[in-house]
Structure formats: C-alpha cells, structure tokens
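A quick write-up on the structure given underneath.
Below, the structure is given as structure tokens:
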C-alpha cells in the first residue's frame, strides 16, 4: 500500500515540477505583461499545489501523521496570489494603456489603474 | 548640616528660580537667595567645630572600584572659601535682582548662578580629587553659561567660548596631573594624599604631575600667559563678573594650590614655577590695568594682578607667606567684589563704563563715590583698610626671598607691581569721580536704588572694619585656614594694622608716591603706551583657534568630501591596513579542519547567492533592480542560517529583510531611478582594485577562520550547559539575549530607541525648514495611478492583521524555549502594522494609531529597566532573572520567567523604533490632498455620492 502512495507522491511532484517549469518558461517567453500575468498562475496553483499534496500524502501515508502546515501555505497563497496579480495588472494598465484602449467602465466608476489625468478626461470615443 | 546635603543644595535649589520666574522676578530671586541662605546657615552650623580645629567629614561611596567616592570634608580652608562663595553669593543675588533689566531672562540667570555656586561649593568641600575634578569642570561649564548669558552680544559669546577653551584645556591637563598624583599616593582621597608629602616629592612623576596640576590652576586663576581670557569674560553681566571673576571662580586655582600646598610646595620646582609666574602676572597685569579705559577691563586686569600676588605668596612656600596669601584672598574678595559692583552701578546709571566719558561723578553719585574710593584705596594698599595689611605682609615676605641667589629682585619687582597697583587705583578714583563735571553724560546720573548699593556697601564696611580690627574679625578664620594650608606649620597667626616703621612700610610709601606721580603725569605716559606696539592676546588666540579649525576642517573635508565612494575607499584602506597589521603580527596555525563536501542543496544555495551578488554588480545602476536583488541575497542568507541550525537568526534575518526593503522602497521614492554613471579612468581602477582586495581579504580571512579550530575554547559550551539550569530556557540564543547578556540587550534597545528618535528629530528639523516647500511642491517622477488603496489589498491586509499579530504573540511566548523571542516578535508585529499603512495609506492609518511611537519605545525601555531593577529587591544584581514552573490545569506545565517581561520591553522598543523610523520617512512623501477619508478608494458598498466626493478630493 505504501508503495502505491509513493507513486502518488512521485506523480504529484512530477506534475508540480512540470507546471513550475511551464509557468517560469511562460514568464520569460510571453510578450506582454497581460499574457505574462497568465504564466505564473500555473506555478502558484498546480505547481505549488502539487508539492503540497505530495507533502501531505507523504506525511499521512508514509510517516503516519497528519500534517496541516501545507494548508496554511495554501491559505497564504490564496491571500497573496490575487493581490500580486491585481497589482501587476494595475501596473500594466497604468503604464501602457490609455482610456481609449480600454472598454468603458461602469457609468459611475473609472479604470482604477489609469493616471488621474487620463481617468478624468471625458471619454474620447 | 551634612556636607553632602550642603554640596547638593545649590544644585537641587537651581530648579526653583527657573520655575518661580513665572511668579515674578522677586519670587525668582527670593528663591535663589533662600537656597543660598539655607546653605550658608548650614555651613555656619559646621563653623564652630572647624574653628575649634576639627575637620568635619561626610562620606558616601559612589564608584569605590574606580576610587571615585563622594567624600567631603570641611577644614579651615574649605570653611573660608565656602563662606566666601555663599556669603558673596547672597550679596550678588540681591544685587543682580536690581541690576538685570526686565528683558533679561532672570530665572535662567539665577539657575545658572546656583549651578555655578554648587560646583564651587563642591570643589572646596571635596575630599576626593576625582570628585573635585567633576566639580571643577562643572564650574567651567556653568561659567560658560553665565559669561554668555547675554546671548545676543557677540562679545559675550566669544568671551564665553574663550573662557571655556582656556579653562577647559587647563582642566584636561589637571585631570592628567590628578591621576598621576593619585597613582603616586595610592588613593584619590585628599586626606590620604595630603599625608604623602615625602613619597610624592620623591617620585619621578612629581614634576609632570606638578606641571599638569599647575596648568589647571593657572588657567583657572588667569595667570600669565593664560590671563587673557579673564578680561574678555567681562562681557558677562556685572554680577557675574563680581562673583565669578573676582571673588570665587578665579580663586579656585588659588584654592587648589593652597589645598595641594602641603604636598606640592617646598621644592625648588614649586618655587620657581609658581612664585615666578605669580610675580610676572602681578607686575604685567598691573601695568596693563593702568592703561585700560573700560572700568571692568581695568578691574579685570587688576584682578589678574592680585591673583598673581596671591599665587606668588603661595609659591614662596613659607608658612608666613601662606598666611598672607589666605588673608589677601579674603581682602581681595571684599574690595574687588565691591569695586565690580560699583562699576556695575556706574554702568547701570551712566550708561557707559568708558573712563574717557566719565569724570566728575563725586557730587552726582556721592554714595557710589564713597564706596568706590574706600575700596580703591584698599586695593592701592593704603591704611587703615584691609588691603594695606595683607600688602605689608606680602612685601615683608619678598624681602626674605632670594631668586636664583639674588636677594633684591623679588622685592623690587613687587614694589613696581605695588606702584602700578596704586596708580590704577588712584586713576579709578581720579578719572571717574574727581575732575570737572561734564556737560552731558549718556544718562542722567544719580545714586541707585538701595538694592544696588546695599551689597557693595556691606563689603566696603567689611573693608574698613577688617582694616581697623583685623585681630578681632579675621584672625580666627585666617588662623584655621592657614593652619589647613600649611598643615599647622603656620603656628598661631597675629594680624595687626600697625607694625611700626619698617622696610615694608617704606616700600609702600615709595609705591604710593610713585603711583601718585604716575597719575600726575598720566597723559604723557599714556601717549608713550599707546605708541608702543603690544601683542594682542585676543588676536593671537583667534589666530590659533582659526588655524586649528582650519586644520581640522581641512582634514575632515579631505576625508569626507561628500562622496560615498571616498568614504568607502578610506574605510576599506584603513581596515585593510589594520587587517594586514594583525595578520603579519601574529602567528597562524596550519589548517586542521577537515573539508566538508557540499551537497546539492548547499550548491544550489551557493549559486543563488553568488549569482544574485554578481547580478547586483551588473545591474547596480538601476536602483529598483538592485533592491530586488538585494532582497534575494537577504533571503538566501536567512535560508543559510536556517540550514546551519540557526533558526533564530533566520527568523530575525527574514523579518529584518522585509522591514529593510520597505524602508529602502520609501527612500527610493525620492531618488532618481538610476545611479549616476561612474567615471572611467584612474579613480575607477583604484576603486575596483580596493574593492577586489577588500573582498578577497574578507574571503581569505573567512577561509582561514573556517579551516582552523578555535585557539581557545569558545564560550558556547558554557551557554549550552547553563541555559536551562541558570536561565530556565532551552532556547540558548534567547537566554543569552535576555539573561546572560541582558545588560547588552538593555543597552541595545536604548540605542535602537535613540536612533529612531534621532530619525524623527531630523525629519522634524528638515520638514520645518525650506525643504518642506520643495517637498510639498514636488512633482512625482512618474504620473500617479488612481486607486492608490485598492480594495483587494485592503481587505487582505485586514484579514492578515490578526493572524500576523497572533504569529507575533506566538513567537514571543515560545521564545524562551524555541526559536523566537521579543525582537523577532516585535518585527513581525511592526510588519503587521506596516501592512495597514501600505494598504490604506499613511494618513488614514496614522489617524487611527492611538499610541505615539515615542511612548511605545519609552515604555519598552522602562519595562525592561523595571524588570531589571526588580532583582534589587531580592538583593541580586541588576537584571538577574528569576523563573519558575507553573501548572494550571488543563494547560500543560509552563514556565514563568521575569526574562519574559524583559523580553516584552524588547518587543515594545523594537515595534516603536521600527514604526517611528518608517513613519518619519513616510512624512517626507506627504503632500496636501493626501488625506483619505476611507480605507479604500473604490468600495462598491459605499454610497455612490460619497465615492464621487472621494474622487473629487483625490
């Protein structure tokens, strides 16, 4: 039985490794920030997730104790990853987009990342 | 009254005038007078015992291991001086109340005066020479404050600086001399030193000690060639001149010579140095005084001359000369303080103290005329005033003194000094009060209010009655004082006015006649004097000071010209030199440690570290990039700590890293994105070369250390063995911090707090200045994005805050036994708060922060101190920790240690210091309009109207 779980652990690790490499490769390879935003998500979800699953399974089935540290790591990832993505996107809009490039925001709002001047100019379209 | 209380009283009382000035000038001066009066009465309660010949003592151990103890004793000499200091102090306080004008800050004046008084009383009562030195320096400092009391006058400031420089330098010399003396005698207590005459005079270090101590005494007592500061100190208000520069402070040097007389006097070196200096000072200053037009300058030089006279008498080394010296100290204090106060009255009423603008005042100010005349005649040495008696005693002594086997030169020079002394005294009367009345004076003239003339009148009365009845009034005190100076060798003293017609009387008559002649022909002599070229002391002093300032500025400017590269180069060069010196000077053992093989983990870590460092060199011009790479280096180091079983260090490094990066990001806000390009050429070669040599040197040193076993057994094993049994904790690092080396930690948190407060203070200073406007009008280098406080970030940090604080608490509590502790917990808690600042903006978060960070720092230091003090109640040394184990079901058995309380202090100090530093830096970036009413800029829940307003405000 233990051998089976060792295969599970190994498979999770390999999957995690593949996604980690894909994410990192994408980060280098993709052209613009918005596409790049895409790449690291592979690493933070399946990449890290695979390692965590492997670690938990290993602890439970091979070392026979329940480990919950991994859950904490997951929670912190849940908390931080969206904010990082949010900031990268905001930075991109701020540095590369004008109001014309973007779809119209809701009537009472504006695009958050635009410079104040750009956001305040009446709609050019 | 106990002598300790007596010495402390003026210092304690110094608070009252400064506080009571709010209740008015009378209350302030009354408080100062009351303090002095109490001290005087306290002194007098000890007087009967001293007059019986006893020595009153009071002892308090201070730092016995250094030989520094608060030992006081009062003998005849001390009683005489303390009586002069406190008695004349009372008169001066009364006089100053009416002398100072409404605009002068009187509370400050009396506070300084009492501080000075305390320092003087301390000098004359000290039994310990180290304690005496402390008081000695205090007189220099407090007199600096008093001379520079009129801050708006450049003369006052310059005079104060000059006095401080000269007397301070002398004080430094004296410290050296006293230490040598204490070393020879084997004790720093005067009562011991004074019994060691033979040992001291036989020691080869006697001459150096003598010269150093005399340097201190001569500078303080304005002896030639250090006399020049005294006339410039006359820029002080007249009460200060009367008090410090005639009656007390300048006599401190004489006091010291008299105090040390039993052990230092009697040798040839003493005679030739002290007597000659005194004689030269007496004659030179008397000559200069005759040609001074400023009343106070005239009196200043006359003071210098009389101090020279007393120094000369002490230098003779005979008991009878010492008696004369002691008696003249009393006489000079009475007539000179009276003269200074009269000069102050003339200045106050006439608006000038220039003799050339005065004259004919006798009918306008009859009272001042009478007082000044009597005091001047005493100064000139005319009977029946007290100055006459001591001058006769002085002349008598000069007749018995041979100078290099020359029996008459001292007597002749002393007579010359007496001539000029008589001449300037007569001039003071003739050119100020006699002569024709002028058409106009700067002010309308009349005698002053009683408050101003009472003090000099009292002193003038003393001048007369001591002159008439010396045996009744002065003999007792002179007897005990001279007995104390000479160690009883003076026998019983007899003072009388009339000794019959003898040689000294003849010399006096000659001196007075020539003095009159000099005044008769003053105009002609003055012409000759004015035509002569004379060295000007102030110019020379200024030139020396300017040269020294120039030199130090040149050195500093060459070494620190503002380029960091140069600092670094100098620092590296110096360190390399030291390293080379140490390396070439010592022996090194052969490498005796086995090389360990690296595993894959360490090799990856090594590559990351070296790679990121290389990247830092390559991309160092882009500041932001450099910061990111720096972060990588920091993370790698903390991982390395962890790998090498130092989890405490790893945790600390990690949290410090976060705080540092945020701090640097804040700073980068104000800097260009790129560093300026370095020039090519020779300098670049030098820099690269130095850096390479420095890096290789450190690397080589590390390798050398790592490849050898320690020469001596390290202390680690002791800590490991005693951590649990002695400190009650299993985390050795934490036990070292809060227990074994708790005193260091205590010092460190204080330094940390001071550093943060200094950052705050510098920020305050800068933001108060012209930079503020520039910062407010600063255009950000990049256009600012909207939505500075995004919803997601705000919500996430709020969720994180309790978790982070809980982590901090957890790290704090487990610190004693597992990795953690107050320092790391403090950093984590600070990061939790910083997150709020980052997410919701500085203004919003600062408005919701209720505890000032200064207070947090202070409470941290206080808690640590109080915890440490707690050990005293159990008769244990400061910071000894106690611990015990408690079981409260259902919890596990846990430990309670006072070290945890100490750690709480560390925690608070760290939180406060980090936050205060970050907050200060953030304030530079503040610009108008940056006030956010809401924690987040865009909040879908909020009413739309509010959102619009919010945007409008942005």
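Chains as they are written, first to last, in the working numbering: chain A, 166 to 290; chain B, 4 to 957. Virtual Cβ for every residue (Gly too), placed ideally from N, Cα, C. Model, not experiment: these values are computed from the prediction.
- [ ] For residue 469 of chain B, count neighbouring Cβ atoms within 10 angstroms of its own Cβ and tell me buried if that reaches 16, exposed if not.
- [x] That one is buried.
Open item on the list: DSSP three-state label for residue 717 of chain B, please.
Closed with: coil
Open item on the list: Can you pull out the residues from the region 782 to 807 of chain B whose beta carbon lies closer than 7 Å to at least one beta carbon of chain A?
Closed with: Those residues of the region 782 to 807 of chain B that come within reach of chain A (Cβ to Cβ, closer than 7 Å) are 786, 787, 788, 789, 790, 793, 795, 796, 799, 802, 803.
- [ ] Would you mind working out which of B:172, B:557, B:327 sits nearest residue 493 of chain B, comparing C-alpha positions?
- [x] B:327
TODO: Would you please verify whether the beta carbon of residue 205 of chain A is less than 8 Å from any beta carbon of chain B?
DONE: no
Task: Per-residue contacts from residue 251 of chain A into chain B (C-beta, under 8 Å) - done: 793, 795, 796
Task: For residue 409 of chain B, three-class secondary structure by DSSP - done: strand
- [ ] Keeping to the same chain, check which residues put their C-beta closer than 6 Å to that of residue 267 of chain A; ignore five residues upstream and five downstream.
- [x] 276
Task: Given residue 938 of chain B as reference, the closest of B:851, B:260, B:566, B:477 once Cα atoms are compared - done: B:851
Open item on the list: Do residue 152 of chain B and residue 119 of chain B have their beta-carbon atoms positioned less than 8 Å apart in this structure?
Closed with: no
TODO: Determine the contact status of residue 341 of chain B and residue 383 of chain B, defining contact as a CB-CB distance below 8 Å.
DONE: no
Open item on the list: Can you look up residue 298 of chain B in the DSSP assignment and give me helix, strand or coil?
Closed with: Under the three-state reduction of DSSP output, residue 298 of chain B falls in the helix class.
Task: Beta carbon proximity, residue 279 of chain A to chain B, threshold 8 Å - done: yes
- [ ] Determine the DSSP secondary structure at residue 239 of chain B, reduced to helix, strand or coil.
- [x] coil
Open item on the list: Using a Cβ-Cβ cutoff of 7 Å, what residues of the region 258 to 269 of chain A are near chain B? List them in chain order.
Closed with: 259
Open item on the list: Is there a Cβ of chain A sitting closer than 8 Å to that of residue 952 of chain B, yes or no?
Closed with: Residue placement at residue 952 of chain B is flagged as unreliable, the pLDDT there being 49, under the threshold of 50; a coordinate-derived value is accordingly withheld.
Open item on the list: Looking only at its chain, what residues have a beta carbon closer than 8 Å to the beta carbon of residue 169 of chain A, apart from the 5 residues adjacent to it on each side?
Closed with: Close CB contacts of residue 169 of chain A within its chain, under the 8 Å cut and outside five residues either way in sequence, are absent.
Task: Residue burial classification, residue 922 of chain B (beta-carbon count within 10 angstroms, cutoff 16) - done: buried
Task: N-terminal and C-terminal residue of the beta strand (DSSP E) that residue 76 of chain B is part of - done: 71 to 77
Open item on the list: Checking 8 Å against the spacing of the C-beta atoms, do residue 498 of chain B and residue 481 of chain B come in under that value?
Closed with: yes
Open item on the list: Quick check: is the beta carbon of residue 202 of chain A nearer than 8 Å to any beta carbon in chain B?
Closed with: no
- [ ] Quick one: list the residues of chain B neighbouring residue 193 of chain A, beta-carbon separation under 9 Å, in chain order.
- [x] Result: empty, since nearest Cβ-Cβ is about 16 Å, beyond 9 Å.
Task: chain B within 8 Å of residue 178 of chain A, Cβ atoms only - done: no
TODO: Give every residue of the same chain whose Cβ lies closer than 7 Å to the Cβ of residue 11 of chain B, excluding the five residues on either side of it in the sequence, and list them in chain order.
DONE: none
Task: Cross-strand partners of residue 131 of chain B (DSSP beta bridge) - done: The partner list for residue 131 of chain B (beta bridge, DSSP) reads B:192.
TODO: Would you kindly check if the distance between the Cβ of residue 507 of chain B and the Cβ of residue 364 of chain B is under 8 Å?
DONE: no
TODO: Give, in chain order, every unbroken run of the alpha helix (DSSP H) that is at least 4 residues long and sits entirely within the region 720 to 801 of chain B.
DONE: 735 to 738, 745 to 771, 774 to 779
Open item on the list: Quick check on DSSP: helix, strand or coil for residue 212 of chain A?
Closed with: helix
Task: Nearest-angstrom beta carbon gap, residue 912 of chain B and residue 819 of chain B [assumed within contact, 8 Å] - done: Distance from residue 819 of chain B to residue 912 of chain B at the Cβ level is roughly 18 Å; contact not present, criterion being Cβ atoms closer than 8 Å.
TODO: Give the DSSP bridge partners of residue 625 of chain B, in chain order.
DONE: Answer is B:677.
- [ ] Can you tell me which of B:597, B:806, B:831, B:765 puts its alpha carbon nearest to the alpha carbon of residue 707 of chain B?
- [x] Of the residues B:597, B:806, B:831, B:765, the one whose Cα lies closest to the Cα of residue 707 of chain B is B:597.
TODO: Please compile the residues from chain B whose C-beta is within a distance smaller than 7 Å of the C-beta of residue 244 of chain A.
DONE: 799, 802, 803
Open item on the list: I'd like to know whether the C-beta of residue 248 of chain A is nearer than 8 Å to at least one C-beta of chain E.
Closed with: No chain E is present in this structure, whose protein chains are A and B.
TODO: Report buried or exposed for residue 906 of chain B, applying the criterion of at least 16 other Cβ atoms within 10 angstroms of its Cβ.
DONE: buried
Open item on the list: Quick check on residue 60 of chain B: does DSSP put it in helix, strand or coil?
Closed with: strand
Task: Close beta carbons around residue 519 of chain B, own chain, < 7 Å, minus the five adjacent residues each side - done: 429
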